[in-house]
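Take this note's numbering: the last position of the sequence shown gets the number 760, and nothing is skipped along the way. We put the CB at the ideal spot given by N, CA and C, even for glycine. Note that the structure is a prediction, hence the values are computed from the model and not measured.
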Amino acid sequence: MGRLFSRAFVKWFFGLFILLWLLLYFTHRRPLFNDPVSAVLFDREGHFLSGRIAADGQWRFPEGHSLSEKYVKALLLFEDKRFYYHPGLDPLALARALAQNFRAGKVVSGGSTITTQLIRLSRKGRPRTVSEKLVEFWQALALETRFSKKKILHLYAAHAPFGSNVVGCEAAAWRWFGHSSDDLSWAEAATLAILPNAPSMISPQQNRDALLRKRNSLLYRLYHTGEIDHITLQLALNEPLPTSPLPLPDLAPHYLEFLRKKSGDRLFESSIDQNLQQNITNLMVQHHQALKSNDIRHLAVILRDLTTGQVLAYHGNVPSNNSLDGVYNDMVQASRSSGSILKPFLYAASLDEGLITPQSLLPDVPTWMAGFHPQNFDESYSGAIEASKALQRSLNVPFVHLLHQYSIGRFHQLLRDLGFSTFTQEAAHYGLSLILGGGEVTLWELSEVYARFARQLIRQEVKDDFPLSKGSIFLTTDALRQLNRPETESGWHFREDRLQMAWKTGTSYGFRDAWAVGYTPDYCIAIWAGNADGHGRPGLTGISAAAPLLFDIALTLNTGRWFSAPLTELEEREMCRASGFPPGPFCDSLSSQLCLLHTRNEVPSCRFHQMVRTDVQERVTFPSGCQAPDSVVTRSWFLLPPVMAYYFQQKHSDYRPQPPVYKYCSTSQSVMEFVYPPDEAIIYQPATYTGNLNPTVFELVHQDYEAKVYWHLDEKYIGMTQGGRHQMPVRELQAGTHSLVVVDGSGNRKQRIFQLEKR
């Protein structure tokens with residue numbers, strides 16, 4: 002009978018225990034806290050970068066991953082010595098509290114534990130009644146069935162009040178002591194252990210003496226329990242209390258706002274390097290002093306690790322305390338006109354396509370295409386220029402011709418494939434201006450694309466998804482490495498720390514945006530300078546406003562190594578020395594050039610060398626079919642079209658134009674060429690700012706510098722010109738279709754049909 006009773010009792014006991022445990026486990030399943038949290042940003046090493054106060058005006062950091070060991074030891078000794086041994090309620094503490102309250106005749110001690118205090122915090126300061134206390138006890142027991150002791154400590158440390166508008170141990174460490182809770186001293190840990198006990202009555206700002214006594218008492222207890230030695234005790238006792246909350250660091254405000262927009266308020270552990278972020282801040286402040294004297298108010302910088310693409314530094318604007326300056330605008334994310342900054346991608350794509358080689362010639366002459374009249378920055382022309390030099394000098398006209406060859410639609414798609422999301426219109430919307438700033442980019446995407454572009458050169462594996470070959474990227478990088486540097490970098494070749502960097506600048510129309518991007522095998526740096534409201538300034542160019550900062554930043558980085566050539570994609574090839582193209586049948590001088598081994602199409606051979614028959618003195622030319630005297634010389638001649646030849650000769654004194662055709666010979670070869678107007682073009686008569694019409698100036702060039710040219714407009718003779726460059730101004734010109742005919746003294750004839758419209 003006794004055994005049966007004993008077994009039944011055990012069953013009932015365990016049944017009730019399990020039932021009680023289940024009741025506790027399923028009690029209070031909702032989250033303990035739903036308070037808004039601060040947005041906080043840490044760097045790659047856990048250093049605090051920036052923070053934003055929570056929506057309710059409290060500095061409440063999100064729950065972290067670790068707790069200060071010193072803080073935990075001080076907290077448990079002060080609040081709950083048997084925390085690891087009780088189930089949420091401490092019977093000994095409760096008994097002691099009852100005895101103290103009975104002797105005092107009032108409530109002087111609650112016998113609370115960390116767990117019950119956590120429950121009280123979650124219930125938002127409800128009245129301290131007996132019934133409320135019982136609810137707290139029950140929920141504390143329930144909480145212990147759901148969470149580990151470590152989790153409960155984390156929750157308490159994240160939500161305990163620490164005076165002023167500071168909630169949580171980590172926020173308190175930064176606000177009261179200016180550093181992370183991981184770096185707390187014993188005196189600081191003891192202070193933070195005490196503050197939640199009565200934060201409205203005892204804090205560093207009020208009742209400081211009482212706080213100091215409590216802190217020192219706790220330090221002595223830590224000494225007597227063996228947690229600290231005598232020297233540590235004395236040092237801790239000598240530490241002063243903080244006086245007021247400290248301002249939080251704000252090294253990356255724009256990056257934090259960028260992350261908040263994407264993910265809301267939370268804890269962000271970033272790839273930012275605090276030291277690099279601070280160094281770049283200092284450099285930006287220095288350069289901004291010079292820029293703002295020219296009313297250039299804003300700067301943005303982003304630095305990426307080339308290997309991973311991770312952001313190492315992010316400055317959406319120049320640091321300033323003046324909100325009226327527009328410094329809160331994040332210019333890293335702002336869409337701005339690209340200027341010339343996209344030219345390297347067209348250059349690389351054209352190499353892959355087989356349109357050019359690094360030394361092949363591109364036209365650089367006055368150009369009108371579909372109503373578009375591009376001009377170089379200095380408004381001069383070279384006639385013809387090597388493709389790599391056109392890239393290095395960022396000449397607009399050659400790249401407009403190159404874009405026309407490559408096709409606007411294909412380049413538009415290439416930009417999207419590279420990762421630009423800002424080209425949302427159809428290709429026709431941008432036209433040929435796409436390569437000169439007709440579209441917009443963000444500094445964020447620009448740095449991302451350039452980093453991916455350069456990263457192909459350090460990848461071992463082949464990536465088929467990247468739209469440009471390693472070979473074309475290397476040749477482009479090699480050209481960008483040889484750009485003439487800004488004046489601040491003069492003499493860089495002679496420095497021991499001479500920096501090798503591929504870099505490119507860009508300037509938007511109207512001097513509104515200045516760009517500079519540079520990369521090495523380790524880093525990619527991208528910079529924008531300008532005004533957030535878009536107003537332009539003289540001197541707001543990539544080379545003067547952005548490039549000096551680019552090089553100052555690069556010099557602070559460890560960038561000693563350089564890219565290795567992808568030898569499986571390149572080869573040395575004999576090319577025409579004069580034109581840079583594969584030699585044609587009449588090329589008479591070759592030079593070795595590093596080229597792509599494979600291109601989508603075969604690179605066209607040189608078309609500029611022709612066999613020419615002249616007299617012995619090379620004064621006249623005898624075309625084929627024209628009877629020549631016995632004493633003729635046949636030789637290869639480098640011949641550019643007349644307009645290209647005219648401008649090319651101005652920059653190359655050694656260029657020898659073809660001698661004029663012998664006067665008794667006829668020829669179908671073009672000896673003169675219109676510069677303006679284009680054939681079948683729609684033109685507008687220029688006007689002054691007062692509205693008066695200026696003359697329309699027609700222009701052509703002739704191969705023979707001494708030639709006379711006779712001009713006829715709509716079958717009426719309007720004048721004669723003589724010289725290498727012929728210009729004919731016409732003031733009285735009616736709207737409509739016109740015919741312009743020119744004839745030289747040898748009877749060579751050219752015609753242009755054009756449409757004149759009034760503005």
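- Cα atoms of residue 124 and residue 217: separation of roughly 31 Å, rounded to the nearest angstrom.
- Residue environment analysis places residue 303 among the buried positions, since at least 16 neighbouring C-beta atoms fall within 10 angstroms of its C-beta.
- By the criterion of at least three beta-carbon pairs nearer than 8 Å, the stretch 178 to 188 is in contact with the stretch 230 to 242.
- Counting only runs of at least 4 residues, the stretch 439 to 482 fully encloses the following alpha helix (DSSP H) elements, listed from N- to C-terminal order: 444 to 456 and 471 to 482.
- Counting C-beta pairs closer than 8 Å gives three or more between the stretch 470 to 488 and the stretch 566 to 581, which meets the contact rule.
- Setting aside the 5 residues that flank it on each side, residue 360 is surrounded in the same chain by 387, 581 and 594, each with a C-beta closer than 6 Å to its C-beta; the list follows chain order.
- With a threshold of 16 other beta carbon atoms within 10 Å, residue 601 falls short and is exposed.
- The Cβ atoms of residue 116 and residue 135 lie no closer than 8 Å to each other.
- Pairing residue 728 with residue 698 gives a Cβ-Cβ distance under 8 Å.
- Secondary structure in the stretch 597 to 651: the beta strand (DSSP E) runs of 3 residues or longer, each lying completely within the stretch, are 610 to 616 and 633 to 639 in chain order.
- Take the alpha-carbon of residue 314 and the one of residue 274: they are about 6 Å apart.
- The residue among 330, 395 and 480 with its C-alpha nearest the C-alpha of residue 438 is 395.
- Taking a C-beta distance under 8 Å as the contact criterion, residue 648 and residue 383 qualify as a contact pair.
- Between the alpha carbons of residue 287 and residue 316 lies a distance of about 14 Å.
- Assignment of alpha helix (DSSP H) within the stretch 285 to 357, counting only whole runs of 4 or more residues, yields 344 to 354 in chain order.
- Residue 612 counts as exposed, since fewer than 16 other C-beta atoms from the protein chains shown sit within 10 angstroms of its C-beta.
- Judged by their CB atoms, residue 356 and residue 546 are not nearer to each other than the 8 Å cut-off.
- Taking each of 549, 741, 708 and 720 in turn and checking the Cα distance to residue 714, the smallest one comes out for 741.
- For residue 347 and residue 578, the gap between their C-alpha atoms comes out near 24 Å.
- Residue 150 sits in a helix when the DSSP states are folded into three classes.
- The beta-carbon separation of residue 421 and residue 450, rounded to 6 Å, stays under the 8 Å limit for a contact.
- Ranking 530, 485, 88 and 457 by CA distance to the CA of residue 523 puts 457 first.
- Here residue 367 has 676 as same chain residues with Cβ atoms under 6 Å from its own Cβ, once five neighbours each way along the sequence are excluded.
- Bridge pairing for residue 122: absent [DSSP].
- Distance between residue 88 and residue 249, taken at the CA atoms: about 38 Å.
- Per the DSSP secondary-structure output, residue 729 pairs in a beta bridge with 699.
- Counting only runs of 3 or more residues that sit fully inside the stretch 651 to 681, the beta strand (DSSP E) segments are 673 to 677, in chain order.
- Ranked by Cα distance from residue 139, the options 156, 155, 154 and 121 are led by 121.
- Checking the DSSP bridge columns, you'll see residue 684 partnered with 757.
- If you check the CB distance, residue 541 and residue 512 come in under 8 Å.
- Taking the Cα positions, residue 332 is about 29 Å away from residue 175.
- Considering only 229, 233, 244 and 172, the residue with the shortest C-alpha distance to residue 204 is 244.
- When DSSP states are grouped into helix, strand and coil, residue 750 belongs to the strand group.
- In the DSSP annotation of this structure, the continuous segment of the alpha helix (DSSP H) that includes residue 412 starts and ends at 409 to 419.
- Residue state for residue 425 is assigned as coil, using DSSP reduced to three classes.
- Apart from sequence neighbours up to five positions away, the residues of its chain that approach residue 326 with a beta-carbon distance below 6 Å are 298, ordered along the chain.
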